[in-house]
Structure formats: C-alpha cells, structure tokens
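S.K.: Just so you know, the protein sequences line up as chains A and B, in that order.
Following the numbering used here, the numbering of the first sequence begins with 91 at its first residue and continues without gaps.
Following the numbering used here, the numbering of the second sequence begins with 464 at its first residue and continues without gaps.
Mind looking over this structure? Questions follow.
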Amino acid sequence: MSLIKTVDLVKIYQLDGVEVPALRGVSIEIEEGEYVSIMGPSGSGKSTLMHILGCLDRPTSGQYFLERQDVSLLDEDSLAEIRKRKIGFVFQSFNLLPRITNLENVELPMTYAGVPSKERRRRALELLEKVGLKHRAYHRPTEISGGEAQRVAIARALANNPRIILADEPTGNLDTKTGEEIMNLFEELHSEGRTIIVVTHDPEVSERTKRIIRIRDGKIVE
Amino acid sequence: MSLWTLLKTSYLGLRANKLRSILTTLGIIIGVGTVISMVSIIDGMNKYVYSVLGDIGTKTVYVQKWKWIIIGGSQSKMRKLWREVSRRRDLTMDDVKAISHLEVVDRAAAFQPIFSGKAKYRSNSVDCNNVAGTDDQYIYISGYELDKGRNFIDQDIQLGRRVVILGSYIAKTLFEDEDPLGKSIVFKGHKFTVIGVLKPKGELMGNNLDDILLMPVTTARKFYYNPRWRPYRVWYSFRILVKFKDDVPMKAGMKMLENLLRVRRGLRFDQDDDFALNTSEMLLSAYKKLTSGIFIAMVGIASLALIVGGIGIMNIMLVSVTERTREIGIRMAVGAKRRDILYQFLFESIFLTTVGGLIGVFLGLVIAKAVDIATPLPASMPIWSVIVGLGFSSAVGLFFGIYPANKASKMDPIEALRYE
Ligand SMILES: Nc1ncnc2c1ncn2[C@@H]1O[C@H](COP(=O)(O)OP(=O)(O)OP(=O)(O)O)[C@@H](O)[C@H]1O
Ligand SMILES: [Mg+2]
C-alpha cells in the first residue's frame, strides 16, 4: 500500500448555514519518495486537500490512510503527533514567528518533540547551513528577505526529519529567480528520498515535479 | 515542552509588550506591596508594643478613678461619663495603707502626678515632664534603681520634707559633672534637696524614662495639688500602684482588691465601682482587637486589589491571545498539542503575576525599611508574608489565566493560520 492514500474525501464547510463543498470525493495515492504537484484554479480545493493530508484538518467523509493507518479515526492529540513527527509544512506566507530568531524558529518543532536543547541547537544550525542561511541564524525573520525566510521555513519543516514535506504555494510570494532557488531546494530534498507534495497554480513549478495531480471544483480531473 | 522552554517562551511573549506587561501587573504589585508592607509594619508594631508593655510590667495594677479603655458610647454619653469621673472621690493614702496590708499584695505605692515644670540649679535649668509625689515603694514597682543616695523614708513622707530623687537625665542636665547629693534645686518656686539619683533606663515609646523627678507624696500635695483644678480631679488624680505576690493569680488578686476598695468606699451591692483597676494586659487585649481589625481590613483591600489585578491580567491575556492567533496556528502546525498551547498561555499569566508579586514584595520591603528608618517602629518582614504574597500572586495568575489560555488552546489551527 502507498504512503498516502485517500478514498473519496469530501469536505464541506458551513458558511452562515450554507454548505460550501470544497472537496467532492477525492481519491489519490502517493508513493514513498514521490515528488508531486497539485494543480488547479483558485478555489478548487487545493489548500483544503493539503490541510487534510497534513492532518491539520479532518474530512467530512471519506478515508485517509497515512502509512496504512486510517488517520480519519484518530483523535486530535494523535494528529498533532503526526504533524510533529511525519510532516513538514511550507506555507506561501512563510509563517515564521517574528519575535524569535531564525534559529529558534527552526528549533520550534523540536521543542514540541522534546529534543534536548543542545541537540536542538546543533540540528537547527545544521539545517540552516543546509539551506545556506547559517549566517542568518541569529537574525529575526523580519530582518531577512522573502526568499531567505522561505528557506528558513524549509529548514523548520525538516526539523523533526519528517518523511513528507507539504508545501502550499511555496513560491507564491517570491520572484521567479528566488522561486527557482526554492524549487532547487525541494529537488535536493526529493533526491534524498523525501516525499514532497507541492500545491501550485504556476506551471513552471509543476513542470519540475515528477507527477501532476489536477484538481477542479473539488474533484480530481482526468 | 520542558519547563525551561516554557519559561523562555513566556518571557519572550511578555518582553514583546514590556510596558503593557508592567501596567497590567500594577494591580498585583500594589496589592502584594500593600499587604507586605502592612504586615511588616504591624509585625514591627507588635514587637514594639509587646516590648513596651513588657516593660511597664503586666503584673502591675493601677488603681485609678477612670478606666484606661472605654469602648463604644456616643459623644454625649462619653462627656457624661467624664463628668461623673471628675466628681468621684479621690483615692487616699489610707487606701494605700489598707491595700498594702492585703494578704495577696506584695507592694503598693502612692502616686500623685504633678504638672510638669522647670527645675533649676544655679544657672542650669531643665524641663521636667514626669513629676510625681510618691513613697518609698514606687521605684521598686516601676523598675527603677537607685544609682546613688537614698530612697524616701517614713519621715520624709510624714513630715512632707522637701527632698527629691532625680532621674539620670535631670541630674545630668542640672549638675553635669557635679555630685547632686545634698545640693538644692528649685522646682516651680520651691526649694528641694536632692537625696538620690536613679540609674538610667533609656527610652520607651518616645518617652525619656530618665526625665523623672520624684518627691514625697505629702510634699507634692502640700505645694502643688489643687483640688479645684479640674485636671487634678481626673488625669492628675491620685493613684495607687499595686503589685501582687508572685504566686497570686492576677484575677484573684484583682477581685480581692476590688472588694476591699468597694468596702472602703462604702459602695452598696447594686452600685457600680467608682474606681478602676487598670493593667497593661487590658491595653494588650485592646491592641490585639485593633490590629486584628486592621488586619481584616487589609486582607479585604488586598483581595480587592488582587481581583482587580487578576481581571486586568485576564483582559490583557485575552488581547494577547487574539493578537497571537497566527502564532498559535503556527505552533499547532508544527506539532503543538492543545495542551501545549494551554500551558504556554497559562504559564505566561502566572509568570506575569509572579513577577508582579516579586516586585510587590520588593516594594513592600522598601516601604517597611523606610518606616523602620523614619519611625520608632522596628518594621520587619516575616518570611511567611513573602511566601504568602508570592503564592497569592501566582494563584491569581493561574486562576485568571485559565480562561484566556483555554480559549487559545481551543482554536482551530487552519483558521488560526489564516488570521491576519
Ligand atoms: N473555512 C472555510 N469556510 C468556508 N468556506 C471555505 C473555507 N475554507 C475554504 N473554503 C472554500 O472552499 C473552497 C476551496 O478552498 P481552498 O482554499 O481549498 O482553495 P484553493 O484551491 O487553495 O484556492 P487558492 O488557489 O486560491 O488558494 C473555496 O470555495 C473556499 O471559498
Ligand atoms: Mg490555497
């Protein structure tokens, strides 16, 4: 069985008593080590799907198997546990904490995983070096450029050595060149054997992935 | 998350809003500071009062025309009472004799207070604030000791001799290095021979105990006592100091004394005492009543301040939670459980109030120290007040932090992440 498998995922939002269907039966499978992009127009349900895949949200109906485990049956604490150990998020708007240093941002997932502080610091520095930002370790996210911030965010996503990286429009706030640098980084992670899922509506981004999943109006197309 | 990380996270959260954090804790600071300083001052007052009363001697009974402590009563009632007191018959030397013959009594001394005045010796003069006519028993009961010279003797009293015993302050001021014994001084127009000088006793409640001038009670009454002058009928009226034998219980002794005086003053069984037996024990119990009243009021004020402070904390924590919605979402996304978020904010409010409490304790200490330096009260901070102060401020943080922290932990991670 694949690393990720969804069966008939449905997500319906309630908005002022009106039902807004965001996903209308999504069934996908992603193997370990795959590099996949999810494409679709705005409002097609890409982010919704990614939140469910990342265990930040739960489907209204349908099943989601992560490493053969039916995640839709788990309680909130177990979902938090999965987010902590198995998944790394990269967001369009970086989502770094502005008041603490880049280093501390990278350490954040490790503090929740109970990694001792020395080990945390060592690994965070190592990760910042990997994304080429060791010299910015003691700066704050507000003191660096967007491209640099996104690289810090990627370092943070890698903190607890997750098998899956989920990125929602990671280049959406960046210029073309910086975006390409970020995609290079993903490629590198992919070559290390990590499973990477990138949500985008930028064809240049999706072209660089190995497989494209297209979604429209909450449904997988073709 | 380890305690250390929690502490650091809280600190960072608070550092971001320094001024706001300080303003919020003001209620806590004031509450704790008030309690600590008040407790310190009361504690100092207690020590002081006990030492003073210990010095007066809780075993001495003062037989007088009025009671030291009268609780309650309207102003007109009080005025009537004092008029009645001023009409009461004075105690007499015969009363002293009768009392001293009681089986339970160790010593009884006559005491006729005299208005203060100037004493002179050659070109030196001094204001004497404690002047009294008394007998040979007085210095023993009141704890004075003769430094040189002699005590009064029966002839001094019987003949009303013009002799005085001086406190060390008076003697020193008048005579400097000269030997006062046998010398003549003038007090309010009358000449006296110094027969004795007392050993120094120091200061008590701002009173110089060595500022004292004693003469035979008969002499005092002959030269200075004027029964038509109202003060001599009340405040300066004749009184008797009584000390019971060591093995006599205070209560039993007082009962005997009361019965004797009632008989001597011819009171019928249905008439109230027209005299009073005062002891410092009475002062002590009145003092205790007073301070426990102050204490209760203080606890009330402090609780109010802490509650107001707590509501302030709750308010600011709610603002903080809203402001940091996105942070909460981020933390949840990287693996924080709801419990982690709850602890983070709870810890933050406890941290805030505990720091407030610490500042309050410090402030209280400073106030107590200032009182200690500026007044004769030996204000001292009992360690339990520090512990209670810190304990309560932490408890306030915990109690008023629960609601905001709970609100933070209940957030939906996706909505929180989307928050601008
Ligand atoms: N919390 C919500 N409440 C109500 N409706 C929602 C909510 N979140 C998303 N939706 C709706 O669900 C649909 C899918 O939203 P989603 O954010 O997944 O789209 P998307 O493909 O990520 O779009 P974009 O490319 O603009 O990010 C949209 O119609 C959106 O309005
Ligand atoms: Mg989206």
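Even glycine gets a Cβ: it sits at the ideal position worked out from N, Cα and C.
1) Can you check DSSP and say which residues form a bridge with A/L156?
2) Between B/D590 and B/V548, what straight-line distance do the alpha-carbon atoms span, to the nearest angstrom?
3) With burial defined as no fewer than 16 other Cβ atoms inside 10 Å of the residue's Cβ, what is the status of A/E194: buried or exposed?
4) Starting from B/H653 and walking both ways along the beta strand (DSSP E), at which residues does that stretch end?
5) What are the start and end residues of each continuous alpha helix (DSSP H) run of 4 or more residues lying completely inside the stretch 236-285 of chain A, in chain order?
6) Pick out every residue whose C-beta is nearer than 6 Å to a heavy atom of ligand 1: which are they, in chain order?
7) Do the CB positions of B/A768 and B/I493 come within less than 8 Å of each other?
8) For A/N192, tell me which candidate among A/R173, A/L169, A/A227, A/I172 has the shortest Cα-Cα distance.
9) Counting only the same chain and skipping the five closest in sequence on each side, list residues whose C-beta sits under 6 Å from that of A/G262.
10) Any beta-carbon of chain A closer than 8 Å to the one on B/A868?
11) Roughly how many angstroms lie between the CA atoms of A/R230 and B/E790, to the nearest whole one?
12) Within 8 Å, do at least three Cβ pairs link the stretch 843-851 of chain B to the stretch 777-789 of chain B?
13) Starting from B/K706, trace the beta strand (DSSP E) in both directions and tell me its first and last residue.
14) Tell me, please, whether the CB atom of A/H141 is closer than 8 Å to any CB atom in chain B?
15) In the DSSP output, which residue or residues are listed as bridge partners for A/Q104?
16) Check whether the stretch 538-546 of chain B and the stretch 670-682 of chain B are in contact - that is, three or more C-beta pairs closer than 8 Å.
17) Between the alpha carbons of B/E416 and B/N778, how many angstroms are there, rounded?
18) Could you pull the start and end residues of the beta strand (DSSP E) that B/N587 belongs to?
19) By Cβ distance below 6 Å, which residues in the same chain neighbour B/Y687 in space, the five residues on each side in sequence not counted?
20) Just checking A/D167 against ligand 2 - is the residue's beta carbon closer than 7 Å to any of the ligand's heavy atoms?
21) Measuring alpha carbon to alpha carbon, tell me which of B/R551, B/R881, B/M780 ends up nearest B/Y695.
22) For chain B, is any of its Cβ atoms less than 8 Å away from the one on A/T201?
23) Check each residue of the stretch 94-117 of chain A: if its Cβ is closer than 9 Å to any Cβ of chain B, include it; give the result in chain order.
24) Sort A/T285, A/R284, A/R298 by Cα distance to A/G269 and report the nearest one.
25) Measure the C-alpha to C-alpha separation of B/G630 and B/D642 and round it to an integer number of angstroms.
26) In chain A, which residues lie with their C-beta within 8 Å of the C-beta of B/T468?
27) With 8 Å set as the bound, which would you pick, yes or no: does the beta-carbon of B/K481 sit closer than that to a beta-carbon of chain A?
28) If we count the other Cβ atoms within 10 Å of its Cβ and call it buried at 16 or more, is A/E259 buried or exposed?
29) Taking 8 Å as the cut-off, does the stretch 273-281 of chain A touch the stretch 102-121 of chain A (at least 3 CB pairs, one atom from each stretch)?
30) Go ahead and label B/N587 buried or exposed: buried means 16 or more other beta carbons lie within 10 angstroms of its beta carbon, across all protein chains shown.
31) Taking Cβ to Cβ, would you say B/V649 is nearer than 8 Å to B/V627?
32) Less than 8 Å between CB atoms is the rule here; does B/E790 satisfy it with respect to chain A?
33) Strictly by DSSP, which residues pair up with B/L667?
34) Tell me, which residues are paired with B/F650 by DSSP?
35) Using 8 Å as the limit for Cβ to Cβ distance, is A/A170 near chain B?
36) Using a Cβ-Cβ cut-off of less than 7 Å, give me the residues of the stretch 174-186 of chain A that come near chain B, in sequence order.
M.R.: Looking at the coordinates:
1) A/I94, A/Q159
2) 30 Å
3) buried
4) 653-661
5) 236-247, 266-281
6) A/Y103, A/L105, A/V110, A/A112, A/G130, A/S132, A/G133, A/S134, A/G135, A/K136, A/S137, A/T138, A/H291
7) yes
8) A/A227
9) Q182
10) no
11) 15 Å
12) no
13) 702-707
14) yes
15) A/E109
16) no
17) Only positions 464 to 883 of chain B appear in this structure, which leaves residue 416 of chain B out of reach.
18) 587-591
19) I577
20) no
21) B/R551
22) yes
23) none
24) A/R298
25) 14 Å
26) T201, S207
27) no
28) buried
29) no
30) exposed
31) no
32) yes
33) B/N670
34) B/A582, B/H653
35) yes
36) K174, F179, N185
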